[in-house]
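K.L.:
Residue numbering for the sequence shown follows this note's numbering, beginning at 68 and increasing consecutively.
After the structure tokens below, expect a handful of questions from me.
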Amino acid sequence: MRNKRELELKDKRISPELRHWLYASGSLTQQLTELGKGQFKVQPTKEYFQRLKREDAMWMKSPIHHTSWVRETLLYGSEAEAWVKAKSIFPILSLQGKARLFQHIGKKPIGKFLFDRTNPSCERRVILLDEGWTRQSCYTWHDCKFIVQETFLPAFEQFIQQG
């Protein structure tokens, strides 16, 4: 199955505009706020607990049997339609110490805390999901590892190509 997905990725071309966003470093929150001329909104859609998926556990070097807390949100810029569908995966063990705050941030963006006076280490991979091109980032922040997945939706691609 992995080979089939890799072939699909090679067949699909990423526009230069979107490629920039998929591989950009730093805070997506800040970058979207700048693109939206100061407008940015987070709309939480789901929060739940689930067992870590094998691939995610391996990437974070966490035991597969551990539970994770998952937060799904939609990110809006200056348009009425969502630009990004985000999903954050925090192993329960990561929600200790400073990272406890992530479980209680409500409509605030994770990036506001993640990049506040810190530059967390980040491993990144880019994949194509049914909803669109997605970047997955495995962050290490104050000794806590977690994954942030950001899928750039069609409304975002249309907006950046008009710019």
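Virtual Cβ for every residue (Gly too), placed ideally from N, Cα, C.
Quantities reported herein were computed from a predicted structural model and do not represent experimental measurements.
So which of 87, 135, 176, 190 has the shortest CA-CA distance to residue 152?
P.N.:
Position 85 of the sequence shown holds residue 152. The shortest Cα separation from residue 152 among 87, 135, 176, 190 belongs to 176.
K.L.:
Find out if the Cβ-Cβ distance for the pair residue 147, residue 220 is shorter than 7 Å.
P.N.:
By 1-based counting over the sequence shown, the position of residue 147 is 80. By 1-based counting over the sequence shown, the position of residue 220 is 153. For residue 147 and residue 220, no; Cβs fall outside 7 Å.
K.L.:
What do you get for residue 188, buried or exposed, if any count of 16 or more other CB atoms within 10 angstroms of its CB means buried?
P.N.:
On the sequence shown, position 121 is the one that residue 188 refers to. Burial call: exposed.
K.L.:
Who pairs with residue 152 in a beta bridge, going by DSSP?
P.N.:
Here residue 152 corresponds to residue number 85 of the sequence shown, with the count starting at 1. For residue 152, which the question treats as bridged, DSSP gives the partners 141, 218.
K.L.:
What residue does the alpha helix (DSSP H) around residue 99 start on, and which one ends it?
P.N.:
Locating residue 99 in the sequence shown gives position 32, where the first residue counts as 1. Its alpha helix (DSSP H) spans residues 95–102.
K.L.:
So the candidates are 112, 124, 145, 155; which of them puts its Cα closest to the Cα of residue 104?
P.N.:
Taking the sequence shown and counting its residues from 1, one reaches residue 104 at position 37. Of the listed residues, the one whose Cα sits closest to residue 104 is 145.
K.L.:
For residue 110, does the count of other Cβ atoms within 10 angstroms reach 16, so buried, or fall short, so exposed?
P.N.:
One-based indexing of the sequence shown puts residue 110 at position 43. Residue 110 should be labelled exposed.
K.L.:
So residue 126 and residue 205 are supposed to be a Cβ contact under 8 Å. How far apart are they, rounded?
P.N.:
On the sequence shown, position 59 is the one that residue 126 refers to. On the sequence shown, position 138 is the one that residue 205 refers to. Sure, about 5 Å apart at Cβ, within 8 Å.
K.L.:
Are three or more beta carbon pairs between the segment 80–99 and the segment 199–216 nearer than 8 Å?
P.N.:
The segment 80–99 vs the segment 199–216: in contact.
K.L.:
Measure the CB-CB distance between residue 138 and residue 155 and report whether it falls below 7 Å.
P.N.:
Here residue 138 refers to the residue found at position 71 when the sequence shown is read from its first residue. Here residue 155 refers to the residue found at position 88 when the sequence shown is read from its first residue. It is a contact, given that the beta carbons lie within the stated cut-off.
K.L.:
Quick one: using the 10 Å Cβ neighbour count with 16 as the cut-off for buried, is residue 130 buried or exposed?
P.N.:
As a position in the sequence shown, residue 130 is number 63, starting the count at 1. Counting Cβ neighbours within 10 Å, residue 130 comes out exposed, since fewer than 16 surround it.
K.L.:
Whole angstroms is fine: what's the gap from residue 124's alpha carbon to residue 194's?
P.N.:
As a position in the sequence shown, residue 124 is number 57, starting the count at 1. As a position in the sequence shown, residue 194 is number 127, starting the count at 1. Going from the Cα of residue 124 to the Cα of residue 194 covers about 17 Å.
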